[in-house]
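Visitor: Residue numbers (my numbering): 10 to 257.
Encoded as structure tokens, here's the structure I'll be asking about.
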């Protein structure tokens, strides 16, 4: 089902692609109504760069403490280095993501916002329905891709396969090369990590306010998994200086 949802996400992005010489009726509609949608699509993406600058490095020690069980000391040191490097480039990283206004982005693409197939009178309605479009807008498709991958259990081997599957669907419409696509993905990955770190304290407060001790633990474990997966992907794809140079 995960692969099917990734394929459907890619098809949605491809169908709604607006940054193309081969304009479609859907692209015209989206361009006409884009001003009514989120200017920076994505949960947490409206957080100003000035606030990110204030909170990111300061929030990192508490996040890192909870990541200790999941990483080696060498990996944690690498993450420290990435945080220090990214802290000096917050605005540049954000700009790299937001300037790529390519397609319709849902902005909160995860299983909790999907109505999945159910049995209907002996048959199966196999169409998942995507709900809650409050963070949607014209933007960077990797916002949806990164967020969905961070919210689901996925191995390093599966990550590469998922990216290739997604790219195979959008490459013709997007006219992006594989290398440019990976650069765009890494930019969004680092941007998402910054947002997660900045919002971690608020997420922990929400977890602590959950009803019942067991639910509190469940919520904290969920946030730990999301942060861990995002950090793992950052280490896997070795985000670096070249990734924040805007691509044409």
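Glycine included, every Cβ here is placed at the ideal spot set by N, Cα and C.
Are residue 157 and residue 18 closer than 8 Å when you measure CB to CB?
Guide: Residue 157 sits at position 148 when you count from the first residue of the chain shown. Residue 18 sits at position 9 when you count from the first residue of the chain shown. A contact, by the Cβ cut-off of 8 Å.
Visitor: Identify, in the order they occur along the chain, each residue of the same chain with its Cβ nearer than 6 Å to the Cβ of residue 159, setting aside the five sequence neighbours on each side.
Guide: As a first step, residue 159 must be located in the chain shown, where it is residue number 150. These residues qualify, in order along the chain: 235, 238, 239.
Visitor: Return the residue from the list 203, 231, 41, 227 that minimises the CA-CA distance to residue 63.
Guide: Counting from 1 along the chain shown, the entry for residue 63 is found at position 54. Checked all of 203, 231, 41, 227; the closest Cα to residue 63 is 203.
Visitor: Who does residue 147 pair with in a DSSP beta bridge?
Guide: The residue given as residue 147 occupies position 138 in the chain shown. Partner(s): 113.
Visitor: Would you call the CB atoms of residue 242 and residue 168 closer than 8 Å?
Guide: Sequence index remark: in the chain shown, residue 242 carries index 233 (1-based). Sequence index remark: in the chain shown, residue 168 carries index 159 (1-based). Going by C-beta atoms, residue 242 is nearer than 8 Å to residue 168.
Visitor: Mark residue 60 as exposed unless 16 or more other C-beta atoms lie within 10 angstroms of its C-beta, in which case mark it buried.
Guide: On the chain shown, residue 60 is found 51 positions in, with the first residue counted as 1. Exposed is the call here.
Visitor: Just to confirm my understanding: we take residue 75, look at its own chain, exclude 5 residues before and 5 after, and list those with CB closer than 6 Å. What are they?
Guide: In the chain shown, the residue the question calls residue 75 occupies position 66. Same-chain partners within the cutoff: 233.
Visitor: For residue 27 versus residue 41, is the C-beta spacing smaller than 8 Å?
Guide: The residue given as residue 27 occupies position 18 in the chain shown. The residue given as residue 41 occupies position 32 in the chain shown. Cβ distance not < 8 Å, so residue 27 and residue 41 don't count as in contact.
Visitor: For residue 257, count the other beta carbons within 10 Å of its own beta carbon; 16 or more makes it buried, fewer makes it exposed. Which is it?
Guide: The sequence position of residue 257 within the chain shown is 248, counting from 1. Only weak support is given to the placement of residue 257: the predicted model assigns it a pLDDT of 38, under 50, and the value that follows is read from those uncertain coordinates. Counting Cβ neighbours within 10 Å, residue 257 comes out exposed, since fewer than 16 surround it.
Visitor: Can you have a look at residue 138 and say buried or exposed, based on whether 16 or more other CB atoms are within 10 angstroms of its CB?
Guide: Locating residue 138 in the chain shown gives position 129, where the first residue counts as 1. When all chains shown are included, residue 138 counts as exposed.
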